[in-house]
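Input: a single structure, listed below in structure tokens.
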Amino acid sequence: MSSWLPQNVQKRLLIYLLQQISIFSQIDTTNLDVSLGCRSQFAFHDVELNVDHMRVPHITVESGHISELELGLVVSGGLDITGDGLCFVVRPELSEVAGSHDLAQSLARSIMDLTNSMMQPLPEVLEGDEVLANSCSEAGDAQQPASSSALDKMRNKVLERALSNLTVRIINVRIQVLFPGQQSITVLVGSVELSTVDKTRRVDLQDICISHSELVPSPEQPDEFMSTSASNSIYMSAIDSLPFGSRSKMEENARNVRALLQMDKLHVTFQGISSVEDISIRDLMLHMGRVDVFLDAIIAVDIGVFEVLVQFVAEFQQDTEVSETSNTLQNYKRFRQEQNLEEDLQITGFTIEELRITLSQSVKVSVIDIQLRNRYIENSTVTVGRVTICDYDLDLLHIDAGSKPCLELTVDSRKLQRIISVDGDIHMDISSTFVSSLIPLIFRLQELGRGLHFVGTNNCKMSQEFKTQVETKTIILSLPVGDDTLQMIIQPISYELSLHTVFTDFISISKVQSSETRDIAIIREIKIGYQTANFQVKSYNLKLSETLLTSKLRGSVSSVELYCSDSDIKWLFDGLSPYQDMITPYMHSKPEVRKPIMNKSVRILSASSVIHRQNVFSDMVLLIERITCSLSADSISSFGNVKTELNSSLLSLNTDNSIIFHSSCVKGSTVFSDVKYCLFEPIKTKDVTKPALFVQRFENGKLKVNVQNTCIYYHAKWLDILDESKGTKSTPQQESAVPVPLQQRIEVKFHDCALSMHPYRLKSALLICVNRCILDISVPPANFKCIIRSPTFMLADDCSNMKTSITESWESLVRYYSKAGFAVIGKSGLLSCTIKQSGGQICLDIDVDRIDLSICADSFQCLIQTLIDIKPPVSFPDEKKYRTEPCSIPVFENVDDEFFVPKGTSNLPALNDMHIVDDFINNSNNSFSEVQVIEETEEGSPLKLEDNGLLFDEGHFNKEDIPVATDSKFFPFGPVAIVLHLFVRKASIKLHDGYDWVYTRRSISKVVDDLEDEVHKQDQPGRVETSLFDSIYLYATPDSNIKKAVSSNIQSEDIIAENYSSKMKLRPSKHHKILIELTNMKLTFSGYSYDEPTEDIADWSTDLLNSIDVEVKTFEIVDNVATSTWNKFLTELKEAHGGSPSMLALSISLVRPIDFLYATELIISAQVSPLRLHVDQDTLDFLIRFSEFKDARFDLIDDYPDIVYIQRFEVNSIDVKLDYKPKKVDYVGLKSGHTSELMNFFTLDGAKMTLKRVVLYGVDGLGELHNCLSSIWTPDITRSQLSGVLKGVTPLKSIITLGSGVKALVTVPLKEYRQDQRLTRSLQKGARDFLKTTSGELIRLGVRMASGTQAILENTEEFFGGQGARARCMSARLPEDELSPVPSACDEFDLFRSSIPRKQSPIVPIPSEEDDIEPLKAISLYADQPQNAQKGVKEAYGSLGKNLTIAYGAVRRAQRDARHSISAQDAATAFARATPIAFIRPMIGATEAVSKTLQGISNQMDRDQLVHMRDKYKQSSHYQRKRER
């Protein structure tokens, strides 16, 4: 109980309070009740407060109002103040000029004025009017500071007694805070009571409510909400449920009222404010009951309110810090220091019975029993009894703390240490309702955080003195995903505030299914730290150039391990899709991008240069040492595990909302059918610092990926997964309306990468080396665009022989893989690929600028077989392809056996039946003789069958009106599933002699060694023969050098004895021997959808599976064999060109005749333009040997071997003009019955023939197709086109041409005379045709005779030691990339046939450089022909002069040798050596001059002949011009 207060002091206290009523302005005496006496009492009604005298730091009081106020003296000696309906309208005042000492000075001044007023003498009469009249003046005098006197102790005692007997109680307190944007926050307090018990001040607050509303100006008074009556215009319906008092009525100028906080009671006790020198508050104790925080309503408040509040708190903190360091009350502080008194505690206790935070209507967080015990200045403890999260009646959070508090905060001021510990494992069940409540809260907080980022950040200072640590136990989070649970276990977390570091050893993510728990992800050693100063980390950009990441938040992870299956991924996607739908609406709104500072380029000075690096600012940088991922397929047992490993990875969240991830090393492997395969692996490189994988995601969602120095593998056996997955058909689900996701663009770039493709059964590998590739992907729909620049194709015959460890450095991928054992087979120009998907159709467009292939016979077979085997083989047993057993048809099922039996005959004996049958058989009147068999003619008219037999129409299948199977309407086909368009502008295929594979070369070397050993072991000299690879035939004799012959045939070198090496040269020839050129090739592949019905439901229809259309505009084969003088082996016949758009058109269709059987058939149609062939026998032998090469290692053996069955083959008639030059005759084959060898006795020049149109049905395989065409075309040519062939035989061609000219001399005049009856004109025209034909042929005959004579003379001169044909082109050199060297003229051995060499046509060998040996290039004398007679004469003059110069030089050289000779014999020898040259060279010059002159005349007469000659013969001038360049 408080001590008694003397009456005089009591009256003085009342006078002071009345004096302070000066803040009341214009008090209406009608609202004032005064009661004087032993219990004086003043009562005020509806008083407006004068806010001009109110001074609150950083707050402007707009208006004040109190409904009831009573001031009275209590009989017991106290003073009571009672109020009702206190309302204030205030506005935060954010000003930097606001004084920091206002609060302390105001409190000290008020206490001093109160003390002085109680020490002054009282007036004799205390009348209410006088008190009110003198209140203002006395109040002004009371504000004068009292001088120090000896009565200070008494004054303090009197003040203490006065305050101890002061009781204040105010109910219905309302404070409205106005914010910009017509926003307001209202604080309602049911009752406030201030009292003192045993020197302890007590403040009790009941029914506290804080709400937010929006104000709308009144139509009559737009600014009334700013007036003094604004306090009564607050919408009160949101707080009608509060337990205290009735509320005011709803006003129209308030809307969207939300309750932010409610508190049932607040009990505050403290000590202090007892004297002028002691105005501090000590031993503060706070006790709260139930506190409800409506967080969902708080985050909905306008951001402008938060900005004002944050800035207000920041300025208030500044004032507090300044006031704590001020010099006020120095006497009191000095006194405590002199007396060694400890500093009193400001807060000694804090208790909250229950704190409830409402996240949504259903989700609430409850924190029970929050206590603060601050017993000593050095030690304080905050404990939390229990924390729960409830979703309706479901508990989501549980902490295993037992009876102990679940959360404890310990502060040790001496050690400067704060420890926050959780004394139990945390179990959290996350429900969908909780997530739906948390997501908008998080996004709103992020929005507020971005908006408040710049507010108050400069003023907030974090204490660096205390070392704060946070320690937790195990945290277990559970999220329901589908029918199972996704569980996350976080090991104890350690957090140090001073170091700003969070650390945990282990985080695991598991799938809980029933009672089984399986790990999905494990993250080890997670450490995240925040630094006050920026740090920099080296990174890279999209160009893989070095950059610097600048950030303050840095994290590191030791390892990330992922373990999941396809079912887990599907489970996660399906289960998390509802949560994604919750997030999607918030992702559409793009947040404002923060740009606190621009990215800069940093210059790093080194000893010799300046390095510029881009500087990128990041919110967080995470370094991951190792990432491993193990993916398995539960639905496919043979799939195995796919293991991926990434080392030295970096993840950056940049300030421009982009994400960067890169890894220095990427590896991947899988175990498929118990065999380990490599998916991708790094390629050895010099620069290992650049990342192998770089990924960047931009703010607009676009994703860019860079892959460098990585080899990606493809194995055809992996496609078995598709066949296995077909067996596991998923149950059809009902279609539902699925929202179309936003289009995602992904750009992938490959730098110095390779694609290694491995076939299904072979051990070979096809490698594509890519220097630069750009892949652009956009989904949905799935559209792809790929551009590859200059890819290189490489091939290996056996991957088991590859060199896996290559330590030396390499300059390019091609060199690296060449050292590993791959062979380069070609390269391509710009290659672009586009894949589009529309509906159920996939369209693939491939455009190739140029493709060049250089292959040998063994690599060619390996390439073809590898491409065939690049997909799994498809074969079926005969039971599925054909009907192997006839089906039983119940023919007599519906036949009535008694239908033809007359009534009454059923009782006849069986013997009578036999007589009836005998009579029927013996009946002479045979009814079958009267039946007429009808056959339709081509016109469809019936013909009567004659007695001589059946009439057959042999041309029935050649009718044009019969529908052909190639028509698209002939076979029904389903919708197109895939369409492939391939366009190649130019393709070159170079065929080299020699062999790429080590296996082939070793096999040939071993066979050759065995032959030599067998020959040497023979007792009697004989010939030993053998063959290998089905195309190489070898034989050896005792006097032969087989190794020399093999090297000569493969490398085409002029082997000289002194330059010969015993080692065979079996490697690929340096120059190609055949060049195949294709231009503007178009390929269209169409794959159709088809069903696979069973026999029971099949309709026995024919299905079209796919079709291929190929068009080639030009197709040429260039002859580059050294012994051949001809240029183009095959080209288009120009004089017979009919304007066809393409030289070759091929259409192939694959059909299934019966829909439920798996047997397939081909329908082929070919269109070929007229052809011009220049066939040299050596070239033909090379092509046959090249195509017949067969290595048993590349044989493809199916489980059920099948032969391609051609249902229909059609080829148009082909006009062919053939030149054929035989070199040798195989007499052994001729003796064996090969009559085709007879054509090697004749040389053909311009033989014309026509391969007639052929339509074939039912051909078993391509081999049978070749035999059928040969059996049709060969007899047709020998039977009906022999005259055209004979016209091309060289000895007969001139005779036949001259004969045709003589014939024209007679037939043409007769024909013309019959038409116009003019004899003279007819004779002139006949003579003109005769002269044109005979003169041209005579000139050509003269050219051949002169060229033949020149060839004989040159051979004769060379036999006597002259230069021979080499004298004509001594300076001509062939470029290395055009032609192969000429083989030796010695045809001592032939590797492929037993033959006798024939006399070759005139050639001129041109030497070229290769391995320091000069092999000869064969150039015909018919090459380089002059264009007209004038140039022919000019070249003739030059040829004659050149040969005379050679003869003169030989004579001069002989004279010089004779002059320097020692003996007469040497002189005679020198003249003998020069005499043949001196005599023969002029004759050679004369014959060459005649030949050039006649060639010029002939070409002037026939201009088209020159074009034909350039196509037929190799031109030495062409090589000479390229050599000079």
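Heads up, the sequence shown is in the working numbering, so the first residue is 10 and it goes up one at a time. The beta-carbon is built from N, C-alpha and C at its ideal position, and this holds for glycine as well.
Spatial neighbours of residue i in its chain, beta-carbon cut-off 6 angstroms, leaving aside the 5 residues before and after
{"i": "Arg183", "result": "Cys96, Leu197"}
{"i": "Asn1221", "result": "Gln1176, Arg1262"}
{"i": "Gly1310", "result": "Phe1339, Thr1342, Thr1343"}
{"i": "Ser1355", "result": "One point to set straight first is that residue 1355 is Ala, not Ser, in the sequence displayed. Same-chain partners within the cutoff: Thr1496, Val1499, Ser1500."}
{"i": "Glu1141", "result": "Met1152, Ser1178"}
Environment of residue i [buried if 16+ CB atoms lie within 10 Å]
{"i": "Glu1366", "result": "buried"}
{"i": "Gln496", "result": "buried"}
{"i": "Ala268", "result": "buried"}
{"i": "Pro1047", "result": "exposed"}
{"i": "Ala701", "result": "buried"}
{"i": "Lys373", "result": "buried"}
{"i": "Val98", "result": "buried"}
Same chain, Cβ closer than 7 angstroms to residue i, neighbours up to 5 away in sequence not counted
{"i": "Ala1487", "result": "Ala1456, Ala1459, Val1460"}
{"i": "Leu1139", "result": "Glu1125, Ile1126, Leu1180, Leu1182"}
Separation of residue j from residue i, as counted between CA atoms
{"i": "Asp1108", "j": "Tyr1099", "result": "13 angstroms"}
{"i": "Thr397", "j": "Thr69", "result": "41 angstroms"}
{"i": "Pro1150", "j": "Thr1169", "result": "32 angstroms"}
{"i": "Val393", "j": "Cys415", "result": "6 angstroms"}
{"i": "Pro882", "j": "Lys890", "result": "16 angstroms"}
{"i": "Gln850", "j": "Tyr686", "result": "32 angstroms"}
{"i": "Asn388", "j": "Lys652", "result": "54 angstroms"}
{"i": "Ile783", "j": "Met766", "result": "20 angstroms"}
{"i": "Asp1511", "j": "Gly1441", "result": "14 angstroms"}
{"i": "Thr483", "j": "Phe707", "result": "36 angstroms"}
{"i": "Leu1084", "j": "Gly1370", "result": "36 angstroms"}
Within 8 angstroms, strictly: CB atoms of residue i and residue j
{"i": "Glu634", "j": "Ser678", "result": "no"}
{"i": "Phe759", "j": "Met803", "result": "no"}
{"i": "Ile518", "j": "Ile529", "result": "yes"}
{"i": "Arg211", "j": "Val300", "result": "no"}
{"i": "Asp1211", "j": "Asp1164", "result": "no"}
{"i": "Val1213", "j": "Gly1267", "result": "no"}
{"i": "Val675", "j": "Thr719", "result": "yes"}
{"i": "Pro790", "j": "Gln717", "result": "no"}
{"i": "Lys1082", "j": "Val1024", "result": "no"}
{"i": "Lys274", "j": "Gly313", "result": "no"}
Residue range of the unbroken beta strand (DSSP E) whose run includes residue i
{"i": "Ile485", "result": "484 to 490"}
{"i": "Thr843", "result": "839 to 847"}
{"i": "Lys999", "result": "985 to 1000"}
{"i": "Asp761", "result": "753 to 767"}
{"i": "Ser821", "result": "Careful: Ser821 lies outside any beta strand (DSSP E) and carries neither H nor E."}
{"i": "Ser1116", "result": "1112 to 1128"}
{"i": "Met297", "result": "290 to 303"}
Boundaries of the alpha helix (DSSP H) in which residue i is found, first to last residue
{"i": "Asp1019", "result": "1007 to 1026"}
{"i": "Gln1464", "result": "1438 to 1468"}
Residues near residue i in its chain [Cβ-Cβ closer than 8 angstroms; skip 5 each side]
{"i": "Pro8", "result": "Outside the displayed span of the chain (10 to 1534) sits residue 8, for which this structure offers no information."}
Closer than 7 angstroms: residue i CB and nearest the ligand GTP heavy atom
{"i": "Arg459", "result": "Within the structure as shown, the ligand GTP is missing, as the structure has no ligands at all."}
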